[in-house]
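The structure under discussion appears below in the form of structure tokens.
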Amino acid sequence: MALPRGLPVVDHHCHLSPRGEGVGAARRFASAGGTHLFLTTQNYSASAPLSLSEYQDQFDTTVSLARQIREEAGVVVYPVVAPYPVDLITAFSAIGAERALELHLAALDLAGRFFRERKAVALGEVGRPHFPVSAEVSEAVEKAFNHAFEVARESDCPLVVHSADLDAAGFGELAGRAAEAGVPPERVVKHYARERLGPPDRHAVTPSYLARRELFREVLRDPGPWFLETDFLDDPARPGAVLDLATIPRRVASLLRDRPDEADRLWVPFSESVEKVYRFRPEVAGGPQR
Ligand SMILES: [Zn+2]
Numbered sequence: 003m004a005l006p007r008g009l010p011v012v013d014h015h016c017h018l019s020p021r022g023e024g025v026g027a028a029r030r031f032a033s034a035g036g037t038h039l040f041l042t043t044q045n046y047s048a049s050a051p052l053s054l055s056e057y058q059d060q061f062d063t064t065v066s067l068a069r070q071i072r073e074e075a076g077v078v079v080y081p082v083v084a085p086y087p088v089d090l091i092t093a094f095s096a097i098g099a100e101r102a103l104e105l106h107l108a109a110l111d112l113a114g115r116f117f118r119e120r121k122a123v124a125l126g127e128v129g130r131p132h133f134p135v136s137a138e139v140s141e142a143v144e145k146a147f148n149h150a151f152e153v154a155r156e157s158d159c160p161l162v163v164h165s166a167d168l169d170a171a172g173f174g175e176l177a178g179r180a181a182e183a184g185v186p187p188e189r190v191v192k193h194y195a196r197e198r199l200g201p202p203d204r205h206a207v208t209p210s211y212l213a214r215r216e217l218f219r220e221v222l223r224d225p226g227p228w229f230l231e232t233d234f235l236d237d238p239a240r241p242g243a244v245l246d247l248a249t250i251p252r253r254v255a256s257l258l259r260d261r262p263d264e265a266d267r268l269w270v271p272f273s274e275s276v277e278k279v280y281r282f283r284p285e286v287a288g289g290p291q292r
């Protein structure tokens, strides 16, 4: 069975590097049937930025790579930028606690400006390291996370959260933080969700599910908003660390083959959820939108 007409095929979270496979990976995504990528920034050099101008360079690199992918691979790319939460730890030891936090907050403000200038569609990744940290670092992490919510409220933009795996209580905590900051909970996205959470357990926060075969099957009938992602890392040193960039179009192809009657469910992660969280609809050239 063919893809429903006008349906985009979207990977909601990946990283690509001009020094890695880069545009080539996007071409593989496109030839497998993918149409839209949310491209999250990353450190493109060996260590975390220690100045605001290094963050500016990093975010600019993400934005120009997005443009290059659109031109050369024909994939629509939505950049997502923010200082990575783990950067704070590196900066702590390099420039000291006070300056590290100051830099991180300024980089969050810069990310907000990228959103307001329409160079990015969300702040991400923001949140907490996925491993235990010292009390001092943890205090700074919480301040930075609160600031991310403030920037999201002021700029009226979505937040893509990096953290350890969260259960229902963890989703509840994010929803509480969103309410306190005045950010709609559905605009808070927990990226790299590895287990299905039913609607009551999500507390209206949006999960972005890792597109593993079993999980994809489990969540397909859930009401939105929710996304699918590979968290592709584009790091030749860590092959297979996460899913390959062609995974989501391949999942779509096998669904169309094995359970074609469920194909219409794909409007939820690929179109309706994007509209709910990001307030735009990914368009596919030539296809009338549902
Ligand atoms: Zn990521």
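Heads up: the sequence shown begins at 3 in the numbering used here, then just goes up one per residue. Every residue gets a Cβ at the ideal spot worked out from N, C-alpha and C, and that includes glycine.
Kindly indicate which residue of the options has the alpha-carbon position closest to the one of residue i.
i: P294; options: V221, P262, V244, S136; result: A question about residue 294 goes unanswered here, because the residues of the chain that appear run from 3 up to 292.
i: R253; options: E104, V77, E156, A213; result: A213
i: R196; options: V143, F218, P238; result: F218
i: K145; options: R223, L18, R179; result: R179
i: F133; options: N148, V82, L9, S165; result: S165
i: G200; options: G226, A181, V191, D233; result: G226
i: G172; options: E264, V185, P209, R215; result: P209
i: C159; options: E175, Y194, D260, R118; result: R118
i: K121; options: E231, D62, E274; result: D62
i: E141; options: A99, L105, F229, D167; result: A99
i: V79; options: D89, V88, T64; result: T64
i: P131; options: V88, L105, E264; result: V88
i: R215; options: R240, V190, R189, A255; result: A255
i: T232; options: S157, A28, M3; result: A28
Measure how close the beta-carbons of residue i and residue j come, nearest whole angstrom, since I'm counting them as under 8 angstroms.
i: V128; j: L107; result: About 11 angstroms; that fails the 8 angstroms criterion.
i: A183; j: R155; result: 5 angstroms
i: P238; j: G22; result: 6 angstroms
i: P10; j: F272; result: 5 angstroms
i: A124; j: V163; result: Not really, about 10 angstroms apart at Cβ, beyond 8 angstroms.
i: V12; j: V279; result: Between V279 and V12 the Cβ distance is about 12 angstroms, and since that is not below 8 angstroms, they are no contact.
i: G8; j: V286; result: 5 angstroms
i: Q2; j: Y46; result: Because the chain is modelled from 3 through 292, residue 2 falls outside the range shown and cannot be assessed.
Measure from the C-beta of residue i to each C-beta in chain D and report whether the shortest distance is under 8 angstroms.
i: G200; result: Structure shown: chain D not included; a single protein chain is present.
If you draw a straight line from the C-alpha of residue i to the C-alpha of residue j, how long is it?
i: P284; j: F116; result: 20 angstroms
i: Q291; j: I91; result: In this prediction, Q291 scores a pLDDT of 49, lower than 50, which makes its location untrustworthy; no coordinate-derived value is stated.
i: P202; j: D169; result: 12 angstroms
i: H17; j: L112; result: 20 angstroms
i: V192; j: R204; result: As written in the sequence, residue 192 is Lys, which differs from the Val given in the question. Using only the alpha carbons, I get a separation of about 10 angstroms.
i: F94; j: G26; result: 36 angstroms
i: E220; j: S53; result: 43 angstroms
i: I97; j: P51; result: 11 angstroms
i: G114; j: L222; result: 32 angstroms
i: P187; j: V207; result: 5 angstroms
i: L258; j: P85; result: 38 angstroms
i: N148; j: G126; result: 14 angstroms
i: L110; j: D236; result: 24 angstroms
i: V153; j: S55; result: 19 angstroms
Could you pull the DSSP bridge partners for residue i from this structure?
i: L212; result: E231
i: D13; result: L39
i: H164; result: G129
i: V83; result: L125
i: K192; result: V163, P209
(message) Any contact between the segment 232–251 and the segment 33–47? By contact I mean 3 or more CB pairs, one from each, below 8 angstroms.
(response) At 8 angstroms Cβ cutoff, the stretches touch.
Check your understanding: Any chance the segment 37–46 sits against the segment 63–71, with 3 or more Cβ pairs inside 8 angstroms?
Key -> With a cut-off of 8 angstroms, the segment 63–71 and the segment 37–46 count as touching, because enough Cβ pairs lie within range.
Legend entry - Cβ pair count under 8 angstroms reaching 3, the segment 9–25 against the segment 133–142: For the pair of segments examined, the segment 9–25 was found not to touch the segment 133–142: the number of CB pairs separated by less than 8 angstroms stays below three.
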